[in-house]
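A short worksheet on the structure shown next.
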Amino acid sequence: MDIPAVRSYLLGLQERIVSTFQAEDGKPFLADGWTREPGGRLEGDGLSRLVEEGRLFERAGCNFSHVKGRSLPSSASAHRPEMAGAPFEALGVSLVFHPRNPHVPTVHLNVRMFAALPADREPVFWFGGGMDLTPYYGVEDDARHFHRTCRDALSAFGDDKYPRFKQWCDEYFFLKHRGEPRGIGGVFFDDFAELGFERSFAMTRAVGDAFVDAYLPIVRARREAPYGERERDFQAYRRGRYVEFNLVFDRGTLFGLQSGGRTESILMSMPPGVKWRYDWHPAPGTPEARLYTDFLRPRDWCSE
1 MDIPAVRSYL
11 LGLQERIVST
21 FQAEDGKPFL
31 ADGWTREPGG
41 RLEGDGLSRL
51 VEEGRLFERA
61 GCNFSHVKGR
71 SLPSSASAHR
81 PEMAGAPFEA
91 LGVSLVFHPR
101 NPHVPTVHLN
111 VRMFAALPAD
121 REPVFWFGGG
131 MDLTPYYGVE
141 DDARHFHRTC
151 RDALSAFGDD
161 KYPRFKQWCD
171 EYFFLKHRGE
181 PRGIGGVFFD
191 DFAELGFERS
201 FAMTRAVGDA
211 FVDAYLPIVR
221 ARREAPYGER
231 ERDFQAYRRG
241 RYVEFNLVFD
251 RGTLFGLQSG
261 GRTESILMSM
271 PPGVKWRYDW
281 HPAPGTPEAR
291 LYTDFLRPRD
301 WCSE
């Protein structure tokens, strides 16, 4: 188990992603480094990179954190109850980009590692992460490209990985109280160590390294698409679903808040403008209705 190697990779990944999309936006990302000194619930450090009110992004955040704690919180030990209460280290990169143009999807990426360090047994590690796409106005070509990039990134690690992680993503990013998925999915995995440290880490790197190839062509294809107040209004309404998922279900958000993490960095995934309506549904036959009928349902995008 080589935690320094994971840290080095994650910091490099953050820099590559931010440099790429900073150039696309044209507005520099803020760099906000932080530390937590020993003695509190957590110690460690991180680097938050954020842009607000850019030309491309209304809000885009890409956060690195590496923290250590005395007691693993319940959100992280739910699938490993024997590790509950053990000292731990957690490090990862997490990003959410909220574009201004409603024709450019919101996107999420997370790659992370946990290590539980119980006093009476050997250390235990696991990786997690993935990426998923949340369009407001769906485009089949974009969905196929995003999913095929995810599939190709995982192909070296077994033919089972993409279909398994796609289904996991479809099931995880699902708003149970709404009965609908958050978006068109992608891939998601958690508590993953079955390939051993080196190969599990390599698979996690493959997912992180594929992000720019998965998302940048979609951004470039859609960022100049015309839109008006109707499209912006629907975007704000659908962003409400994003907020609901992150605050109610997302394990990373819950872990950060339960463990005493840095609130500003944890909640930088929130969109800048959101609307809720009472029992609203788009009119049949509209582009807004097509999101629900054609995109917010599981589809085998790679085979279409």
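Residue numbers (this note's numbering): 1 to 304. Note that CB positions come from ideal geometry on N, CA and C, so glycine has one too.
Minimum Cβ-Cβ distance from residue i to chain C less than 9 Å
i: D279; result: You won't find chain C in this structure, because it holds only one protein chain.
Contact under 9 Å by Cβ, residue i with residue j
i: S94; j: R70; result: no
i: C150; j: V124; result: no
i: R230; j: V274; result: no
i: F127; j: A210; result: no
i: V212; j: R16; result: yes
i: A214; j: H108; result: no
Host beta strand (DSSP E) of residue i (start-end)
i: A31; result: L30 to R36
i: F64; result: F57 to G69
i: N101; result: First-last for N101: undefined, no H or E at that position.
i: H305; result: As shown, the chain starts at 1 and ends at 304. That puts residue 305 outside it, with no answer to give.
i: S318; result: Only positions 1 to 304 of the chain appear in this structure, which leaves residue 318 out of reach.
Same chain only: Cβ atoms within 6 Å of residue i, ignoring 5 sequence neighbours per side
i: P282; result: E288 and A289
i: I218; result: D142
i: F295; result: G138 and I184
Supposed contact pair residue j and residue i - C-beta distance, whole angstroms, cut 8 Å
i: A115; j: I3; result: 6 Å
i: A225; j: H98; result: No, A225 and H98 are not in contact; Cβ-Cβ is about 16 Å, not under 8 Å.
i: A357; j: L50; result: There is no way to answer for residue 357, as the model of the chain reaches only from 1 to 304.
i: A90; j: V67; result: 6 Å
i: N101; j: Y237; result: Contact flag wrong, Cβ pair sits at about 16 Å.
i: G130; j: F88; result: So it is not a contact: roughly 21 Å between Cβ atoms.
i: R241; j: R178; result: 7 Å
i: Y136; j: F234; result: 6 Å
i: C169; j: D120; result: C169 to D120, Cβ: 35 Å. No contact.
Close-in-space but distant-in-sequence residues of the same chain around residue i (CB under 7 Å, 5 per side omitted)
i: L11; result: F64
i: E244; result: L175
i: R148; result: C302
i: R7; result: H66 and L91
Neighbour-count burial assignment, residue i, 16 or more Cβ in a 10 Å radius
i: D378; result: Since the first and last residues shown for the chain are 1 and 304, residue 378 lies out of range.
i: R55; result: exposed
i: G46; result: buried
i: Y292; result: exposed
i: D250; result: buried
i: T286; result: exposed
i: G44; result: buried
Spatial neighbours of residue i in its chain, beta-carbon cut-off 8 Å, leaving aside the 5 residues before and after
i: D25; result: V51, G54, R55, L56, F57 and A60
i: E180; result: F174, R241, Y292 and L296
i: P28; result: Q22 and V51
Enclosing alpha helix (DSSP H) for residue i [first to last residue]
i: M203; result: G196 to R222
i: F165; result: K161 to Y172
i: G240; result: E229 to V248
i: L10; result: I3 to D25
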